[in-house]
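Since the structure comes first, as structure tokens, the remarks are kept for the end.
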Amino acid sequence: YQAVSHCYERPTYEDWPYSVFSMVHGRSVEECENVLDAMAEETGITERDSLYSTREYKKTRVRYFTPEMEAWERLYAGVLR
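Mapped onto the UniProt record's numbering, the consecutive letters of the sequence shown carry residue numbers 1 to 81.
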């Protein structure tokens, strides 16, 4: 499904029995629900709980090997071992 950007298995808990998590993108709740309905029909997994974002956060790339990260490692690398 093109609308799915993330899908992974997680452990279940007594108060949260769901083991498969996926992130579905759509322009509306209805569009997302249509994708979820199609997935349920194809897989037979009909029990679900849908959680919707209430706001969108600014997306930024993760920066590796920056001077700030090197400084942090110098300060804390020995502490974390």
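We put the beta carbon where it would ideally sit given N, CA and C, even for glycine. Bear in mind that the values here come from a model prediction, so they are computed numbers and not experimental data.
Cβ contact check for the stretch 31-40 and the stretch 7-18: 3 or more pairs under 8 Å:
No: fewer than three Cβ pairs fall under 8 Å.
Which residue marks the beginning of the beta strand (DSSP E) containing V4, and which one marks its end?
4-9
Residue environment, M69, which counts as buried when at least 16 other CB atoms sit within 10 Å
exposed
Assuming A38 and T46 form a contact by the criterion Cβ under 8 Å, report the distance between their Cβ atoms to the nearest whole angstrom.
The pair is not a contact, with the Cβ atoms about 12 Å apart (cut-off 8 Å).
For F21, the residue or residues it bridges with in DSSP
Y8
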